[in-house]
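A.B. asks: The structure follows.
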Amino acid sequence: MKSRRVVAAALAAVTSLVLAACSGGSGDDGGPVTLKFQSLSDQPAAIAATNKIVDDWNKAHPDVHVEVVQAGWDGVYDKLITQFNAGSAPDIIHYEAAGVVPFARDGYLADLSPYLTEAKKADIPKGVLDSVTVDGQVIAQPTELQSYVVFANKSLLDKAGVAVPTGDTMTWDQLRDIAKATTRDGAYGLSWGLSSPTASMVALAPAFGGQYFEGTGTDAKISIGQGEMALPQLVDAMAHQDNSILPVTLTQSGSKALAPFYAGQTAMTIQGSFQAANIAKDAPAGFDWVVLPPLAGPAGPAQAANPQTLSVNRDSEHVEQAAQFIDFFTSTENLAALNEADALIPATTSARDALDTKLGAQNGWKEILASGQYLTSAPYLFVDKYAQWKDTVATPAYQKFLAQQIDANGLSKELSDGWDSINR
Amino acid sequence: MRVLLRPAQYLALAAYILFLGFPLLWLVSASVKSSGELNSLTVSLLPDQWHWSNYSEALDRQGLIHSAGNSLIVALVSTALVIVIALPASYVLARLRGKVRAAGVGWILTSQVFPVVLVILPLFLILRTIGLSDSLAGLTLVHTTYTLPFALWMLQGYVTAIPVDLEEAGAMDGAGRWTVLRRIVFPLLMPGIVATAMFSFVSSWNEFFFALVLLQSPENYTLPITLNMFIGGEGKVALGPLAAGAVLAAIPSIVFFTLLRRRLTSGLMAGAVKG
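Residue numbers (the working numbering), protein chains in the order written: chain A, 691 to 1114; chain B, 224 to 498.
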């Protein structure tokens, strides 16, 4: 993230010197329109699903040919910023909201509002739509989402005499109680990969009323109050008072924290919902796992959403056709198929319902899809220096707090002072 | 004591080789483990079950062979260009005296301080203007340009190490300039040329950022770009296929090094000049 900002600043400086030499992109002289669609789909099934959608479009629209350009997630920001500056970015861009919002603020993305039907708008949960709305313009259509969910080893819960919660949601206090109860016989209640804790903290803060930021752009102000501090303090209490979190996982990635879960060393693990697919594939034979109901705090079960998105390059010569393709891509049937392949949550209510009808009976899907309805707008998406704050201030501060090198006051002070220093 | 010295030396050498080779050994091991085993707490060098499908998945999924071919073309051509340009230039740089040399050395050192992100956009625009953006030819030019300064610096060090006395002795014996270069300088410079070629090859073979930004068509992707696609969003990594792909990716480098190893001998000049 840090390098992203360095790249952005460096390229912006160079652009002013050399962009004069650059003229507009290539155009089609008659014949069918060709649109370049840079896709970041990374799972074989998702790549196949994406290609099928594109093939279906091309068959139905011989006058507008969409060409998939497969790219990878790593380094895509650097690639895109160079392409935008050089005037050669693809027509249709697949990325995440946190990635495209800065491009939208810099004026690189087309406003898709004129191409969004009221029905489509109504189909996208408001919080999710807000996450791709910049200065009143819808700059991307959300496609796929993930939430944080609790995976549990049912056998260990049964062994500890804990009934699997069955309500629409479960509280963080319930999670803490279950973790305490299942911390026995050498096993811990919870593994939670918090090597990069900021993403989890800001995403889960809305359940405690935490927003972190007020305002947008460079005018954003940080607010570290009870709502923002509640979750880190809860984790600290579980880790160091209850001793119900396997300590080593606090310094590991989410994927690494799955290993002790598979080995029966922990009864539960908090993970991105997409891990359901990996657990189904990698867990030992006979491993009895369930997904617990969405977590709710005092302010409800809300989580901040950072959806994957499709947006249109404003300099594309065929903005309208690109927007029509995105509308096709995000139809109920297509989004359901894509999210099934990627083990993610569809960004539209209708696609989520369709997937629930199809897969609701399968392990974990019902709870994961249910958690999707609680995803809401993330204020940090609209804060210019969030990435810099996350990498240079928040992550080290949380790590020190979780390692008990600073207390809650120290954490709060570091988060606030660090922001003030960066956003001077 | 002396009897024990030789076995101890071999033992130390073996330990050192094992230490250096362990990451490669671990990579090979990971490439034949199942996803479940790679994500379990059990750590073992040998897999429970040999999972060869990682290799087929790596080959099927991202067009690895095609990308490796692209990388090989770019690396070999840019290495050849670097050597062809650096060889005479480094000789001049090493033997020349005066302001021109100082300016050359100054420029070489200065060119090393520019961060990649500063040059990428001008490069992108230049390549597009001359019709070489999103092409292997363009990437080859960029790799050549980027590697050349260090290669020059490296090679001129080797030239400097060849005593001028040798060339003068050759001239005294009646050899012309070209003969001196061909019969005396080039043979002595061979280890330096080989080392520089290896450096250029590896630099190009492993280069990621320029390829990432400059190449846009999947059919032009080089190996690092293709391998990068095994790393997905949200920290998702296809570890087994990635390891298999990395093993396959290492093979051309190993072959290239093996072919050149014999040339990379030192001590060619031992005894050439009387102290």
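Virtual Cβ for every residue (Gly too), placed ideally from N, Cα, C.
Under the three-state reduction of DSSP, which class applies to SER881/A: helix, strand or coil?
C.D. replies: Counted from its first residue, the first sequence places residue 881/A at position 191. SER881/A: strand per DSSP, three-state reduction.
A.B. asks: What residue does the alpha helix (DSSP H) around TYR239/B start on, and which one ends it?
C.D. replies: Translated into positions along the second sequence, residue 239/B becomes position 16. It spans 225 to 254 - the alpha helix (DSSP H) in which TYR239/B sits, taken as one unbroken run.
A.B. asks: Can you tell me whether ALA1098/A is buried or exposed? The criterion is at least 16 other CB atoms within 10 Å of its CB, across all chains shown.
C.D. replies: For the purposes of this step, residue 1098/A is taken as the residue at position 408 of the first sequence. Per the 10 Å Cβ criterion, exposed.
A.B. asks: Which partner residues does MET860/A have in the DSSP bridge list?
C.D. replies: Here the question's residue 860/A lines up with position 170 in the first sequence. Answer by DSSP bridge pairing, in chain order: LEU985/A.
A.B. asks: Who are the Cβ neighbours of PRO464/B in its own chain at under 7 Å, not counting the five residues just before and after it?
C.D. replies: The residue labelled residue 464/B in the question sits at position 241 within the second sequence. Taken in chain order, the residues that qualify are ASN277, GLU280, ALA281, ARG284 and PHE453.
A.B. asks: Taking any Cβ of chain B, which residues in the segment 761 to 777 of chain A have a Cβ under 7 Å from it, in chain order?
C.D. replies: Listed by position, the residues of the segment 761 to 777 of chain A near chain B (Cβ gap below 7 Å) are GLY762, TRP763, ASP764, GLY765, ASP768, LYS769, THR772, ASN775 and ALA776.
A.B. asks: Among VAL460/B, GLY456/B and VAL470/B, which has the Cα closest to the Cα of LEU446/B?
C.D. replies: To locate residue 446/B, count along the second sequence from 1; it is residue 223. When only C-alpha atoms are compared, the closest one is VAL470/B.
A.B. asks: Mapping the DSSP letters down to three states, classify GLU904/A as helix, strand or coil.
C.D. replies: In the first sequence, the residue the question calls residue 904/A occupies position 214. In the structure shown, GLU904/A sits in a strand (DSSP, three-state: E or B).
A.B. asks: Work out the CA separation of ALA1027/A and VAL342/B for me, nearest whole Å.
C.D. replies: By 1-based counting over the second sequence, the position of residue 342/B is 119. By 1-based counting over the first sequence, the position of residue 1027/A is 337. Cα to Cα, the separation comes out at about 42 Å.
A.B. asks: Give the straight-line distance between the Cα atoms of LYS1048/A and GLY826/A, rounded to the nearest whole angstrom.
C.D. replies: Counted from its first residue, the first sequence places residue 1048/A at position 358. Counted from its first residue, the first sequence places residue 826/A at position 136. LYS1048/A and GLY826/A: Cα-Cα distance of roughly 35 Å.
A.B. asks: Can the beta-carbon of VAL790/A be found closer than 8 Å to that of ILE829/A?
C.D. replies: Position 100 of the first sequence holds residue 790/A. Position 139 of the first sequence holds residue 829/A. It is a contact, given that the beta carbons lie within the stated cut-off.
A.B. asks: Using a C-beta cutoff of 8 Å, does LYS322/B count as contacting chain A?
C.D. replies: Indexing the second sequence from 1 puts residue 322/B at position 99. So no, LYS322/B is outside the interface.
A.B. asks: Which one of PRO887/A, GLN961/A and TYR1064/A has the shortest CA to CA distance from PRO1086/A?
C.D. replies: Here residue 1086/A corresponds to residue number 396 of the first sequence, with the count starting at 1. Measuring from the Cα of PRO1086/A, the nearest candidate turns out to be PRO887/A.
A.B. asks: Can you tell me where the alpha helix (DSSP H) holding GLU391/B begins and where it ends?
C.D. replies: Within the second sequence, the letter at position 168 stands for residue 391/B. Segment 387 to 395, the alpha helix (DSSP H) holding GLU391/B.
A.B. asks: Taking the C-alpha atoms as reference points, what is the distance between ALA648/A and LYS849/A?
C.D. replies: The structure shown does not extend to residue 648/A, since chain A is modelled only from 691 to 1114, so the question has no answer here.
A.B. asks: Let me know if ALA927/A comes out buried or exposed under the rule of 16 or more other beta-carbons within 10 Å of its beta-carbon.
C.D. replies: Against the first sequence, residue 927/A aligns to sequence position 237. Under this definition ALA927/A is an exposed residue.
A.B. asks: Would you grab the beta carbon distance between THR367/B and LEU304/B for me? Rounded to a whole angstrom, and I think it's under 8 Å.
C.D. replies: Here residue 367/B refers to the residue found at position 144 of the second sequence. Here residue 304/B refers to the residue found at position 81 of the second sequence. About 4 Å separates the two Cβ atoms, so the contact holds.
A.B. asks: Helix, strand or coil for PHE431/B? Go by DSSP, reduced to three states.
C.D. replies: Residue mapping note: residue 431/B aligns to position 208 of the second sequence, counting from 1. Note: PHE431/B maps to coil in three-state DSSP.
A.B. asks: Tell me the DSSP bridge mates of PHE841/A?
C.D. replies: If you number the first sequence from 1, residue 841/A lands on position 151. DSSP lists THR959/A and VAL981/A as partners of PHE841/A.
A.B. asks: Within a Cβ cutoff of 8 Å, which residues of the same chain sit near VAL818/A, ignoring the five residues on either side of it in sequence?
C.D. replies: To locate residue 818/A, count along the first sequence from 1; it is residue 128. Cβ neighbours of VAL818/A beyond the five flanking positions: PRO832, LEU835, ALA995, PRO997, ALA1037, LEU1065, THR1066 and SER1067.
A.B. asks: Report all residues from its chain with a CB closer than 8 Å to the CB of LEU247/B; omit the five preceding and five following residues, and keep chain order.
C.D. replies: Taking the first residue of the second sequence as position 1, residue 247/B is located at position 24. The residues are ALA473.
A.B. asks: In the DSSP output, what is ARG874/A paired with across the bridge?
C.D. replies: Reading the first sequence from its first residue, position 184 is the one you call residue 874/A. Answer by DSSP bridge pairing, in chain order: ALA877/A.
A.B. asks: Compute the Euclidean distance between the alpha carbons of TYR1070/A and LEU880/A, then round it to the nearest angstrom.
C.D. replies: Here the question's residue 1070/A lines up with position 380 in the first sequence. Here the question's residue 880/A lines up with position 190 in the first sequence. C-alpha separation (whole angstroms): 28 Å.
A.B. asks: Check each candidate in ALA949/A, TRP862/A, LEU921/A and THR856/A and name the one with the smallest Cα separation from THR265/B.
C.D. replies: Residue mapping note: residue 265/B aligns to position 42 of the second sequence, counting from 1. If we check each option's Cα against that of THR265/B, ALA949/A comes out closest.
A.B. asks: Quick check on the burial criterion: 16 or more other C-beta atoms within 10 angstroms. Buried or exposed for GLY415/B?
C.D. replies: Locating residue 415/B in the second sequence gives position 192, where the first residue counts as 1. Answer is buried; the Cβ neighbour count reaches 16.
A.B. asks: Looking at the strands, I want to know which residues DSSP matches up with THR1066/A.
C.D. replies: Residue numbering aside, residue 1066/A sits at position 376 when the first sequence is read from its first letter. Answer is ALA994/A.
A.B. asks: Does any residue of chain A bring its CB to less than 8 Å from the CB of GLY259/B?
C.D. replies: On the second sequence, residue 259/B is found 36 positions in, with the first residue counted as 1. Cβ-Cβ to chain A under 8 Å: yes for GLY259/B.
A.B. asks: Helix, strand or coil for PHE453/B per DSSP?
C.D. replies: Within the second sequence, numbered from 1, the residue matching residue 453/B stands at position 230. It is coil, neither helix nor strand.
A.B. asks: Quick one: Cα of SER1021/A to Cα of SER1061/A, how far?
C.D. replies: Along the first sequence, read from residue 1 onward, the residue named residue 1021/A stands at position 331. Along the first sequence, read from residue 1 onward, the residue named residue 1061/A stands at position 371. Their backbone Cα atoms lie some 21 Å apart in a straight line.
A.B. asks: ALA406/B to VAL425/B, Cα distance in whole Å?
C.D. replies: Within the second sequence, residue 406/B is the residue found at index 183, counting from 1. Within the second sequence, residue 425/B is the residue found at index 202, counting from 1. With the sequence shown as reference, residue 406/B is identified as Arg, and Ala is not the correct amino acid for it. The straight-line gap from Cα to Cα measures roughly 29 Å.
A.B. asks: Kindly indicate which three-state DSSP category SER513/B falls into: helix, strand or coil?
C.D. replies: Missing from the structure shown is residue 513/B; chain B here goes from 224 to 498 and no further.
A.B. asks: From the beta carbon of MET395/B, is the nearest beta carbon of chain A less than 8 Å away?
C.D. replies: The residue labelled residue 395/B in the question sits at position 172 within the second sequence. Chain A contact via Cβ: absent.
A.B. asks: At 7 Å on the CB atoms, spell out the chain B contacts of LYS1103/A, in chain order.
C.D. replies: One-based indexing of the first sequence puts residue 1103/A at position 413. Those within 7 Å of LYS1103/A in chain B number zero; the least Cβ separation is about 30 Å.
A.B. asks: Please report whether the beta-carbon of SER290/B lies at a distance below 8 Å from any beta-carbon of chain A.
C.D. replies: As a position in the second sequence, residue 290/B is number 67, starting the count at 1. So no, SER290/B is outside the interface.
A.B. asks: Can the beta-carbon of GLY917/A be found less than 8 Å from the beta-carbon of GLY900/A?
C.D. replies: Residue 917/A sits at position 227 when you count from the first residue of the first sequence. Residue 900/A sits at position 210 when you count from the first residue of the first sequence. Against a cut-off of 8 Å, the Cβ pair of GLY900/A and GLY917/A comes out as a contact.
A.B. asks: Using the three-state DSSP reduction, which class does PRO832/A fall into: helix, strand or coil?
C.D. replies: By 1-based counting over the first sequence, the position of residue 832/A is 142. If DSSP states are grouped into helix, strand and coil, PRO832/A belongs with the strands.
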